[in-house]
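The sequence shown begins at 1 in our numbering and counts up one residue at a time. Backbone N, C-alpha and C define an ideal beta-carbon position, used for all residues, glycine too.
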Amino acid sequence: MLNTIHKKSTHKLLALICVCLCGCDGEEEKISSSANDSNSVSPPLTAPLKNFTWQLPPHISPPITPLDNPISNEKIALGRFLFYDKRLSANKTQSCASCHQQEHAFTEENMTAIGSTGEVHPRNSQNLINIAFNTSLTWNNPTIIDLEKQIAIPLFGQHPIELGINETNKVEVLTRFQQNSNYQKLFKSAFPNETNNINFDNIIKALASFVRTLNSYNSPFDRFELGDKTALSNSTQRGMNLFLSERLACSECHHGPDFNQFKNKSSSQTMANFHNIGLYNLDGLGRYPNNNTGLMQFTNNPEDMGKFKTPTLRNVEHSAPYMHDGSLASLEDVVDFYAAGGRFIGSGEFAGDGRINPFKHPLVKGFALDNQDKKDLVNFLKSLSDTDFLHDPTLSNPFTQTAP
Numbered sequence: 001m002l003n004t005i006h007k008k009s010t011h012k013l014l015a016l017i018c019v020c021l022c023g024c025d026g027e028e029e030k031i032s033s034s035a036n037d038s039n040s041v042s043p044p045l046t047a048p049l050k051n052f053t054w055q056l057p058p059h060i061s062p063p064i065t066p067l068d069n070p071i072s073n074e075k076i077a078l079g080r081f082l083f084y085d086k087r088l089s090a091n092k093t094q095s096c097a098s099c100h101q102q103e104h105a106f107t108e109e110n111m112t113a114i115g116s117t118g119e120v121h122p123r124n125s126q127n128l129i130n131i132a133f134n135t136s137l138t139w140n141n142p143t144i145i146d147l148e149k150q151i152a153i154p155l156f157g158q159h160p161i162e163l164g165i166n167e168t169n170k171v172e173v174l175t176r177f178q179q180n181s182n183y184q185k186l187f188k189s190a191f192p193n194e195t196n197n198i199n200f201d202n203i204i205k206a207l208a209s210f211v212r213t214l215n216s217y218n219s220p221f222d223r224f225e226l227g228d229k230t231a232l233s234n235s236t237q238r239g240m241n242l243f244l245s246e247r248l249a250c251s252e253c254h255h256g257p258d259f260n261q262f263k264n265k266s267s268s269q270t271m272a273n274f275h276n277i278g279l280y281n282l283d284g285l286g287r288y289p290n291n292n293t294g295l296m297q298f299t300n301n302p303e304d305m306g307k308f309k310t311p312t313l314r315n316v317e318h319s320a321p322y323m324h325d326g327s328l329a330s331l332e333d334v335v336d337f338y339a340a341g342g343r344f345i346g347s348g349e350f351a352g353d354g355r356i357n358p359f360k361h362p363l364v365k366g367f368a369l370d371n372q373d374k375k376d377l378v379n380f381l382k383s384l385s386d387t388d389f390l391h392d393p394t395l396s397n398p399f400t401q402t403a404p
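In structure tokens form, the structure reads like this:
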């Protein structure tokens with residue numbers, strides 16, 4: 001079955017790992033290296049490991065890590081503190097974890113994200129599960145394929161503002177960490193060969209190292225695939241068969257170990273990860289809302305209107321609401337949407353019939369399900385939940401724990 005789900009994907013699995021923690025006081029964070037350095041694309045080679053071992057299932061290979069950022073336990077420990085520290089935002093009101101919450105599969109319950117200054121974002125916060133294996137990292141930008149490059153966006157981005165670091169406040173933000181004795185120890189452990197090691201470049205490297213450990217492969221479905229035939233109920237197994245069927249065609253886009261769509265790391269291939277599924281059709285000619293035009297925003301190709309990244313289905317039960325704009329509230333709503341072959345909105349600002357969007361993917365054509373079929377399919381989607389991961393203390397907020 002894994003071979004069926006995986007199809008042509010070469011996606012890799014990661015097991016959860018333990019991280020080393022150091023004591024930290026109530027101070028916050030700051031950054032000192034240049035944003036330009038953090039925006040460079042990582043080499044497509046794997047760096048040697050530094051006192052760290054990936055623990056993976058036999059059929060999964062380790063993720064690629066950049067040569068200039070070999071993963072280590074010390075970087076992971078530092079990155080975990082930074083991930084949960086609100087001092088990493090200019091106004092000290094948000095951390096990475098504000099929008100990427102462990103109990104919600106490292107996303108959040110809001111339809112769309114809200115930045116540290118209160119600016120409402122056009123898109124739903126993506127979950128970070130198994131992000132180390134993703135070949136495209138944002139909803140609509142195929143050029144962001146490396147974690148280090150992506151992490152710079154919420155730190156420094158101004159359109160929209162997320163953590164709000166800019167040229168006028170970045171020295172202040174960085175000083176918060178440079179003057180904190182506990183962070184001084186953490187940075188020294190993580191980057192022992194550098195003199196001025198508390199800088200933005202190293203903050204990004206540490207965050208990337210921690211995020212690469214957010215891996216989830218211990219769901220009932222995984223246990224079933226590894227031989228525990230009691231892990232899935234009869235209803236769930238029926239739902240799995242529906243999911244894999246040619247009639248529903250769910251697995252045409254949601255395949256591989258993460259039930260998403262992966263290609264090799266090249267711009268031409270990552271473009272294939274984006275699809276229009278018929279959520280909108282505002283003018284009868286395929287138009288999407290102006291602030292959410294999808295891949296077309298970057299390609300200027302009208303045929304790319306409404307194309308967004310195929311997301312993972314891992315822990316999808318806990319990552320509601322759904323779609324790029326959070327406009328579907330439940331898994332039942334999602335099943336109904338695909339069964340209808342798109343969405344019809346009868347009135348209001350977004351009125352239109354997405355079912356006849358001219359740019360819609362041809363596989364989103366609708367299908368008939370009775371009530372039991374719908375229940376079975378939803379049960380299968382829920383079987384992709386990894387409750388151990390969602391409550392793993394080694395991934396949770398270290399500021400609420402007693403450091404050893």
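Going by the beta-carbon positions, is the gap between residue i and residue j smaller than 7 Å?
i: Asn273; j: Ala105; result: no
i: Ala206; j: Leu82; result: yes
i: Thr107; j: Ser251; result: no
i: Leu78; j: Leu186; result: yes
i: Leu248; j: Phe367; result: yes
i: Asp208; j: Ile129; result: Reading off the sequence, residue 208 comes out as Ala, not Asp. No; because the gap between Cβ atoms is not below 7 Å, this pair is not in contact.
i: Leu377; j: Leu174; result: no
i: Asn357; j: Asn301; result: no
i: Leu147; j: Ser89; result: no
i: Arg343; j: Gly354; result: yes
i: Thr213; j: Ile60; result: no
i: Asn140; j: Gly294; result: yes
i: Phe52; j: Ile71; result: yes
i: Met305; j: Gly286; result: yes
i: Lys374; j: Val335; result: yes
i: Phe259; j: Thr312; result: yes
i: Pro398; j: Arg80; result: yes
i: Ser125; j: Cys99; result: yes
i: Ile145; j: Thr138; result: no
i: Ser189; j: Glu303; result: no
Restricting to Cα atoms, I'd like to know which of the options is closest to residue i.
i: Ala351; options: Pro289, Phe399 and Leu155; result: Pro289
i: Val171; options: Ala152, Phe200, Glu303 and Leu163; result: Phe200
i: Glu119; options: Arg87, Gly157, Ala132 and Glu103; result: Gly157
i: Val211; options: Leu163, Glu246 and Gln101; result: Gln101
i: Glu109; options: Leu328, Pro160, Gln184 and Pro192; result: Leu328
i: Tyr338; options: Glu349, Met323 and Arg287; result: Met323
i: Ile203; options: Thr195, Leu214, Thr213 and Phe191; result: Phe191
i: Glu317; options: Ser330, Gly306 and Phe308; result: Ser330
i: His159; options: Pro57, Lys188, Arg123 and Asn134; result: Arg123
i: Trp54; options: Thr195, Met296, Lys188 and Asn215; result: Asn215
i: Asn292; options: Leu313, Thr387 and His121; result: His121
i: Asn69; options: Thr135, Asn371 and Lys149; result: Lys149
i: Pro62; options: Phe133, Leu395, Lys86 and Cys99; result: Phe133
i: Met271; options: Phe298, Ser245 and Pro257; result: Phe298
i: Asp370; options: Ala340, Ile198, Tyr84 and Asn166; result: Ala340
i: Pro58; options: Glu225, Lys86 and His255; result: Glu225
i: Pro393; options: Leu56, Lys86 and Glu103; result: Glu103
i: Ile165; options: Thr400, Lys86 and Asp228; result: Lys86
i: Gln372; options: Gly239, Cys99, Ile145 and Ile161; result: Gly239
i: Gln261; options: Leu279, Glu74, Ser98 and Pro142; result: Pro142
i: Asp386; options: Gly227, Ala231 and Ile153; result: Ala231
In three-state DSSP terms, what is residue i?
i: Gln94; result: coil
i: Ile31; result: Here the model assigns Ile31 a pLDDT of 26, short of 50, so the residue's position is not dependable, and the following value carries that caveat. DSSP places Ile31 in coil when its eight states are reduced to three.
i: Thr107; result: strand
i: Ser233; result: coil
i: Ile60; result: coil
i: Val364; result: coil
i: His255; result: strand
i: Asn260; result: strand
i: Ser209; result: helix
i: Phe399; result: helix
i: Gly278; result: coil
i: Gln126; result: coil
i: Met131; result: Here the sequence assigns Ile to residue 131, which means Met is not the residue at that position. Of the three classes helix, strand and coil, the one that applies to Ile131 here is helix, per DSSP.
i: Gln297; result: helix
i: Gly348; result: coil
i: Asp283; result: coil
i: Phe243; result: helix
i: Gln102; result: helix
Does the beta carbon of residue i come closer than 7 Å to any beta carbon on chain D?
i: Ser385; result: You won't find chain D in this structure, because it holds only one protein chain.
Contact the stretch 274-284 vs the stretch 352-364: 3+ CB pairs below 8 Å: Verdict: yes, contact present.
Segment contact, 8 Å Cβ cut-off, at least three pairs: the stretch 171-184 with the stretch 235-244: No contact exists between the stretch 171-184 and the stretch 235-244.
Three or more C-beta pairs below 8 Å linking the stretch 109-127 and the stretch 88-101: Yes, since at least three Cβ pairs between the stretch 109-127 and the stretch 88-101 fall closer than 8 Å, the two stretches touch.
Stretch pair the stretch 378-385 + the stretch 219-226: three plus CB contacts closer than 8 Å: Enough Cβ pairs lie closer than 8 Å, so yes.
Secondary structure, alpha helix (DSSP H): runs of 4+ residues fully inside the stretch 321-345: The qualifying runs are 331-340.
4-residue-minimum alpha helix (DSSP H) runs that sit fully inside the stretch 156-202, ordered along the chain: DSSP runs (the alpha helix (DSSP H)) wholly in the stretch 156-202: 170-178 and 181-190.
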